[in-house]
Amino acid sequence: MEVAALAILIAGAALAQQNPESQVTVVAPLIVTAGVPVPKVGQGAPLYTAPQIREKGYEARDVRTRADDAFFLDCAPPFKRPPTYWLRTYREAGDAARRVSVASRVAERATSKAQRTRIAATDHRATQAQVEADELARQAAVIELVKAELDFTEARAQLLDIQDLVNRQVDVADWPGELSAQSAARGDARATLAPKEYQDLALESVQVAEKQDGKAAPWFQVSGTILNTRPRAIATPPISITAVDMNGFPLGNDEAIGKGRIGPGETKRFTADFKPSPPHTAQLIVTFASARRPLHLEPARCLAPGYPDHSGNLAPLPMVRGAR
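Just so we're aligned: the sequence shown equals residues 7 to 330 in the numbering used here.
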């Protein structure tokens with residue numbers, strides 16, 4: 007069976023070359039930045055813009071609020087309080103969110119300052135030494151943000167996993183095994199890019215084009231073909247698109263929901279708009295996304311009286327307001 011295709015698209019042009027073995031599509035680059043180029047100093051860090059960093063802080067603060075609310079949840083009988091496992095995960099997510107909030111403010115200031123210095127250097131109001139110093143400061147601040155965000159992303163993913171378990175009425179006794187499996191699957195996906203459930207499928211003839219309608223900033227439109235190598239029809243898998251900068255650091259991700267079905271041995275065309283496309287995008291990595299759709303994080307809630315709990319972790323007792 008063919009391994010799932012990984013298409014790396016360098017943002018910008020129309021004509022592409024395709025490697026038939028790895029199915030990597032390369033398109034001529036287009037990188038537009040304000041000011042002098044980002045200097046090649048230090049170990050590098052993702053080229054987030056200040057608005058991107060600000061958005062990360064907003065998302066973290068939203069999870070932090072939900073985490074705080076979880077500990078003030080009153081569950082009067084016959085409803086059952088959330089198990090300790092759930093509350094502990096909320097605490098971890100809240101702590102991680104606080105670190106992201108603090109790091110995002112520092113990184114936003116450093117990123118804005120580095121950008122201003124690069125612009126000033128275009129008419130000699132700043133020296134190359136100043137550009138390099140501010141770039142190193144930006145990198146240090148963004149690296150701290152990335153470290154905090156890794157913990158935050160995993161904690162938030164675990165909360166979404168628990169939310170899914172609750173919605174499916176999975177026995178509390180089965181939660182640890184289910185959550186460990188989901189966490190391991192995320193680790194595998196980061197290593198292989200394509201989720202395990204789609205590693206026998208293939209992407210073909212992947213192309214990227216820059217679009218502009220005059221009303222918004224330009225964005226990238228990705229198109230290609232999905233090949234079903236299986237002997238049976240399948241639901242069309244979702245597509246994942248990750249933008250990376252010139253140093254290979256990820257800047258953002260988007261997903262396109264698959265529609266319809268693909269017959270055995272057949273192909274199906276797809277088109278996906280990456281809106282808004284992150285500034286400083288140098289490449290797009292296109293692969294399959296997990297069939298388990300990302301979920302909106304809901305507030306913690308009391309569990310129904312009959313919720314299955316063979317581990318005995320639930321009790322029909324109200325939470326003590328203000329208790330941690």
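Virtual Cβ for every residue (Gly too), placed ideally from N, Cα, C.
Pick from the options that is closest to residue i, judged by C-alpha positions
i: residue 182; options: 99, 155, 231 and 315; result: 315
i: residue 162; options: 256, 187, 70 and 44; result: 70
i: residue 279; options: 305, 230 and 114; result: 230
i: residue 106; options: 66, 193, 310 and 94; result: 66
i: residue 189; options: 177, 206, 179 and 164; result: 164
i: residue 150; options: 128, 166, 167 and 110; result: 110
i: residue 42; options: 100, 127 and 114; result: 127
i: residue 56; options: 176, 206 and 148; result: 148
i: residue 60; options: 178, 302, 187 and 108; result: 108
i: residue 44; options: 104, 219, 92 and 121; result: 121
i: residue 90; options: 209, 210 and 179; result: 179
i: residue 215; options: 100, 225 and 209; result: 225
Cα-Cα separation, residue i to residue j
i: residue 272; j: residue 203; result: 18 Å
i: residue 291; j: residue 112; result: 29 Å
i: residue 80; j: residue 119; result: 46 Å
i: residue 227; j: residue 217; result: 7 Å
i: residue 144; j: residue 116; result: 5 Å
i: residue 97; j: residue 174; result: 23 Å
i: residue 86; j: residue 191; result: 30 Å
i: residue 318; j: residue 221; result: 57 Å
i: residue 51; j: residue 114; result: 13 Å
i: residue 277; j: residue 176; result: 36 Å
i: residue 303; j: residue 68; result: 10 Å
i: residue 206; j: residue 134; result: 50 Å
i: residue 93; j: residue 211; result: 47 Å
i: residue 208; j: residue 193; result: 21 Å
i: residue 104; j: residue 49; result: 26 Å
Close-in-space but distant-in-sequence residues of the same chain around residue i (CB under 7 Å, 5 per side omitted)
i: residue 268; result: 232, 234, 239, 240, 242 and 274
i: residue 171; result: 181 and 184
i: residue 102; result: 154, 157, 158 and 161
i: residue 223; result: 282
i: residue 47; result: 138, 141 and 142
Coil, strand or helix - residue i by DSSP
i: residue 212; result: strand
i: residue 108; result: helix
i: residue 19; result: Because residue 19 carries a pLDDT of 39, less than 50, the predicted location of this residue cannot be relied on, and no value is offered for it.
i: residue 142; result: helix
i: residue 297; result: coil
i: residue 86; result: strand
i: residue 161; result: helix
i: residue 267; result: strand
i: residue 248; result: strand
i: residue 261; result: strand
i: residue 32; result: Annotation note: pLDDT 40 at residue 32 (below 50); position unreliable, coordinate value reported separately. The answer is strand: DSSP assigns residue 32 an E or B state.
i: residue 283; result: coil
i: residue 303; result: coil
i: residue 63; result: helix
i: residue 151; result: helix
i: residue 118; result: helix
i: residue 358; result: Nothing can be reported for residue 358, as the shown portion of the chain is limited to 7 through 330.
i: residue 124; result: helix
i: residue 236; result: coil
i: residue 275; result: strand
i: residue 46; result: coil
i: residue 324; result: Its pLDDT being 42, under 50, residue 324 is placed unreliably in this model, and the coordinates cannot settle the point.
i: residue 221; result: coil
i: residue 172; result: helix
i: residue 11; result: In this prediction, residue 11 has a pLDDT of 45, which is less than 50 and means its spatial position is unreliable; nothing more can be read from the coordinates.
i: residue 331; result: Outside the modelled stretch of the chain, which goes from 7 to 330, sits residue 331, for which no answer is possible.
i: residue 58; result: helix
Other residues of its chain near residue i: CB distance less than 6 Å, five sequence neighbours each side excluded
i: residue 266; result: 242
i: residue 5; result: No answer is possible for residue 5: it lies beyond the span of the chain, which begins at 7 and ends at 330.
i: residue 256; result: 248 and 250
i: residue 72; result: 305
i: residue 308; result: 81 and 85
i: residue 88; result: 306
i: residue 310; result: none
Burial state of residue i, where buried means 16 or more other Cβ atoms lie within 10 Å
i: residue 62; result: buried
i: residue 340; result: As shown, the chain starts at 7 and ends at 330. That puts residue 340 outside it, with no answer to give.
i: residue 312; result: exposed
i: residue 58; result: buried
i: residue 75; result: exposed
i: residue 54; result: buried
i: residue 78; result: exposed
i: residue 82; result: exposed
i: residue 285; result: buried
i: residue 167; result: buried
i: residue 95; result: buried
i: residue 187; result: exposed
Beta-carbon contacts of residue i that lie in its chain and below 8 Å, excluding the five residues immediately before and after
i: residue 270; result: 234, 236, 237, 238 and 239
i: residue 244; result: 261, 262, 263, 264, 294, 295, 296, 297 and 299
i: residue 259; result: 246, 247, 248 and 249
i: residue 130; result: none
Proximity test, Cβ basis, 7 Å: residue i and chain B
i: residue 145; result: Protein chain content of the structure displayed is limited to a single chain, and chain B is not contained in it.
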